[in-house]
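Peer 1: Structure below; questions to follow.
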Amino acid sequence: MFQLNDRFRRRATIGSSTRTEKPGGANVMRTRNRALQSICGHAGVLVLLVLAMLSCRAIRPVGSESVSAGHRPSTLILLSFDGWRWDYHTKAPTPHLQRLMARGVTAERLIPVFPTKTFPNHYTIVTGLYPERHGIVANKMRDPMTGLSFSLANREAVEDARWWGGEPIWVTAERQGQHAATVFWPGSEAPVGGVRPRYWKRYDGGVTNEARVEQILAWLDLPRPERPTFIAGYFSDTDEAGHRAGPSSTETRAAITRLDGALGRLLDGLQARRQLDVVNVVVVSDHGMAETRSDRLIALDTYLDLDTVEVVDVNPTLGLIPSTMNVDSIYRRLANAHPHLQIFRREETPERWHYRDNPRIPPIVGVADEGWQVLPSIPPTWPTHPRTFGDHGYDPAAVSMHGIFVAAGPAFRRGVTVAPFESIHVYNALACALGLRSAPNDGSPKVAAQLLDVSCRVAGTNNDCER
23 MFQLNDRFRR RATIGSSTRT EKPGGANVMR TRNRALQSIC GHAGVLVLLV
73 LAMLSCRAIR PVGSESVSAG HRPSTLILLS FDGWRWDYHT KAPTPHLQRL
123 MARGVTAERL IPVFPTKTFP NHYTIVTGLY PERHGIVANK MRDPMTGLSF
173 SLANREAVED ARWWGGEPIW VTAERQGQHA ATVFWPGSEA PVGGVRPRYW
223 KRYDGGVTNE ARVEQILAWL DLPRPERPTF IAGYFSDTDE AGHRAGPSST
273 ETRAAITRLD GALGRLLDGL QARRQLDVVN VVVVSDHGMA ETRSDRLIAL
323 DTYLDLDTVE VVDVNPTLGL IPSTMNVDSI YRRLANAHPH LQIFRREETP
373 ERWHYRDNPR IPPIVGVADE GWQVLPSIPP TWPTHPRTFG DHGYDPAAVS
423 MHGIFVAAGP AFRRGVTVAP FESIHVYNAL ACALGLRSAP NDGSPKVAAQ
473 LLDVSCRVAG TNNDCER
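If you read the sequence shown in the working numbering, its first letter stands for residue 23, the second for the next number, and so on.
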């Protein structure tokens with residue numbers, strides 16, 4: 023592994039940066055180059071040189087076309103503003119996001135997958151897969167095959183590759199000879215398929231937005247051979263404020279302003295490096311936010327003995343595993359228990375959710391109506407007078423759950439707005455912009471093509487993805 027020289031070591035880094043070894047394809051490339059140099063040194067005949075070059079191309083690793091051909095794609099920076107609802111740019115001044123929208127492509131709304139929660143949707147964005155296929159079916163879940171449990175706060179689970187299926191974009195990049203870097207993106211702390219981003223950061227909520235942006239810029243300042251072409255960063259202000267005070271609160275408007283300022287800091291940093299017009303910048307959110315009140319609470323123990331079930335996931339979604347009662351008995355108890363609570367057997371969830379075909383999905387799945395919450399019981403500290411909160415996790419059909427997609431740079435269309443689309447389509451657009459061959463996914467090349475100003479290829483086809 024390389025070491026930063028003194029010039030770049032002085033640049034701010036967040037904590038300790040963990041790096042993986044270079045992909046094996048890079049070793050093949052070095053071997054090829056040495057062989058070619060040797061041939062070139064002794065060749066006096068043009069035909070011999072051509073034959074040598076063709077021979078070298080024959081051993082090129084599959085998928086490493088852009089690197090081996092000497093073409094380096096434009097860097098792509100993917101930013102997630104957690105909980106940024108699709109209309110937040112109208113709630114507070116957002117000059118920097120508006121600046122990006124004016125010179126790029128904007129979706130009217132980005133439609134999340136079910137459940138509309140943080141980890142499932144972040145991982146869908148970077149894999150192009152529905153949760154039933156990539157395996158992160160909730161923020162909290164249990165795997166009946168291993169007996170292991172997963173939660174956001176469980177550091178061991180978060181870094182356990184067994185939970186993370188599919189191929190995230192940073193793995194696609196690393197496997198095809200590019201370098202990737204991530205700041206706190208869910209899933210990037212685990213060696214998915216045995217691969218981590220070359221540079222990654224273990225989550226630390228105490229790291230400021232400014233430090234996160236500076237880390238991204240520091241990676242751009244690395245020597246060209248070590249510089250990542252894909253960089254992802256995660257920012258949580260709008261989600262935290264939305265939960266505490268609701269999407270229309272003064273606190274949330276302040277969070278919107280802060281994140282727009284972080285984006286502005288990044289754009290200014292790119293401009294100072296004369297890279298603003300050559301770097302692709304993509305801003306997304308995992309979900310939106312709905313207003314709810316403390317008097318809109320469904321207490322599960324009102325309708326069910328909690329000793330008969332394991333409550334795996336809760337609020338506003340519900341995931342139940344039977345303990346002493348069977349699935350049908352639990353279903354009958356809850357199916358019509360409350361007018362604002364929908365209950366399903368796993369195999370009967372709505373088809374549009376794509377939320378059936380994974381054993382980690384509990385046998386009983388529930389979701390509260392938009393604006394309502396469901397908890398095992400009423401907490402002792404629950405407000406006695408109505409208080410406004412915010413929440414997400416509801417049916418993706420609720421417009422309040424929709425997020426944003428804005429992209430600008432040489433790979434993307436300029437000054438256009440496209441119709442709402444599902445977040446499963448983002449992965450293909452990222453791969454195309456980076457010149458990568460997409461891994462199998464649930465997204466449509468045609469949807470990705472609506473965003474791009476370039477052609478792209480999709481795994482399993484020989485067709486260009488063109489507008």
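Note that CB positions come from ideal geometry on N, CA and C, so glycine has one too.
Assuming D259 and R280 make a contact with CB atoms under 8 angstroms, what is their CB distance in whole Å?
Peer 2: Counted from its first residue, the sequence shown places residue 259 at position 237. Counted from its first residue, the sequence shown places residue 280 at position 258. Yes, they are in contact, since the Cβ atoms of D259 and R280 sit about 5 angstroms apart, within 8 angstroms.
Peer 1: Can you say whether K468 is buried or exposed, counting buried as having 16 or more other CB atoms within 10 angstroms of its CB?
Peer 2: Here the question's residue 468 lines up with position 446 in the sequence shown. Label assigned to K468: exposed.
Peer 1: Could you check the C-alpha separation between L322 and A419 for me, to the nearest Å?
Peer 2: Translated into positions along the sequence shown, residue 322 becomes position 300. Translated into positions along the sequence shown, residue 419 becomes position 397. Computed Cα separation, rounded: 24 angstroms.
Peer 1: Contact between the region 186 to 205 and the region 166 to 176 is defined here as three or more beta-carbon pairs at a separation below 8 angstroms; is this criterion met?
Peer 2: They do not touch, by the three-pair rule.
Peer 1: Which two residues bound the contiguous beta strand (DSSP E) that contains L474?
Peer 2: The residue you call residue 474 lines up with position 452 of the sequence shown. It is not in any beta strand (DSSP E) - L474 carries neither H nor E in the DSSP assignment.
Peer 1: Looking at C-alpha atoms only, which residue of V205, H201, A114, G188 is the closest neighbour of S102?
Peer 2: For this step, residue 102 is matched to residue 80 along the sequence shown. For the residues V205, H201, A114, G188, the minimum Cα distance to S102 belongs to V205.
Peer 1: By the three-class DSSP mapping on this structure, what secondary structure does S171 have?
Peer 2: Counting from one through the sequence shown, the residue named residue 171 turns up at place 149. The answer is strand: DSSP assigns S171 an E or B state.
Peer 1: DSSP state of A182, grouped into three classes?
Peer 2: As a first step, residue 182 is located in the sequence shown; it is residue number 160 there, counting from the start. Just to set this straight, residue 182 is Asp in the shown sequence, not Ala. In this structure, D182 counts as coil in the three-state DSSP scheme.
Peer 1: Can you list, in chain order, the residues of its chain whose CB lies under 6 angstroms from that of H201, leaving out five sequence neighbours each side?
Peer 2: Walking along the sequence shown from the start, residue 201 turns up at place 179. Taken in chain order, the residues that qualify are R220, P250.
Peer 1: Strictly by DSSP, which residues pair up with I133?
Peer 2: Along the sequence shown, one-based indexing puts residue 133 at 111. Partner(s): E444.
Peer 1: Using 8 angstroms as the threshold, is the C-beta distance between P269 and E236 below it?
Peer 2: As a first step, residue 269 must be located in the sequence shown, where it is residue number 247. As a first step, residue 236 must be located in the sequence shown, where it is residue number 214. Their beta carbons are not under 8 angstroms apart, which means P269 does not touch E236 by this criterion.
Peer 1: Thinking C-beta only, is G393 closer than 8 angstroms to R275?
Peer 2: The count along the sequence shown starts at 1 and reaches residue 275 at position 253. The count along the sequence shown starts at 1 and reaches residue 393 at position 371. Contact: no.
Peer 1: Which term fits V127, buried or exposed, when burial requires 16 or more other beta carbons within 10 angstroms of its beta carbon?
Peer 2: Indexing the sequence shown from 1 puts residue 127 at position 105. V127 is buried by the Cβ-count criterion.
Peer 1: Just to confirm my understanding: we take G157, look at its own chain, exclude 5 residues before and 5 after, and list those with CB closer than 8 angstroms. What are they?
Peer 2: In the sequence shown, counting from the first residue as 1, residue 157 sits at position 135. For G157, where only same-chain residues beyond five positions count, the Cβ hits under 8 angstroms are W185, W186, G187, G188, N380, R382.
Peer 1: Excluding five sequence neighbours on each side, which residues of the same chain lie with their C-beta closer than 7 angstroms to the C-beta of L473?
Peer 2: As a working mapping, residue 473 is identified with position 451 in the sequence shown. Contacts found: V127, A429, F434, R435, V440, A451.
Peer 1: Go ahead and label Q198 buried or exposed: buried means 16 or more other beta carbons lie within 10 angstroms of its beta carbon, across all protein chains shown.
Peer 2: Residue mapping note: residue 198 aligns to position 176 of the sequence shown, counting from 1. When all chains shown are included, Q198 counts as buried.
Peer 1: Consult DSSP for S258 and reduce its assignment to one of helix, strand or coil.
Peer 2: Stepping through the sequence shown from its first residue, residue 258 is reached at position 236. S258 falls in the coil class under three-state DSSP.
Peer 1: Put W375 into one of helix, strand or coil per three-state DSSP.
Peer 2: Taking the first residue of the sequence shown as 1, we reach residue 375 at position 353. Looking at W375 - three-state DSSP - the assignment turns out to be helix.
Peer 1: If I measure Cβ to Cβ from R234 and keep anything under 6 angstroms in the same chain, skipping five residues before and after, which residues do I get?
Peer 2: Locating residue 234 in the sequence shown gives position 212, where the first residue counts as 1. Around R234: V205, G255.
Peer 1: Per DSSP, K223 is paired with what?
Peer 2: Working through the sequence shown from its first residue, we reach residue 223 at position 201. BP columns for K223 point to V205.
Peer 1: What residue does the alpha helix (DSSP H) around D335 start on, and which one ends it?
Peer 2: The residue you call residue 335 lines up with position 313 of the sequence shown. Premise fails: D335 lies in the beta strand (DSSP E), 331 to 336, not in any alpha helix (DSSP H).
Peer 1: Could you say which of Y152, K139, T146 lies nearest to E373 if we only look at CA atoms?
Peer 2: Start at 1 with the first residue of the sequence shown, and residue 373 comes out as number 351. Measuring from the Cα of E373, the nearest candidate turns out to be Y152.
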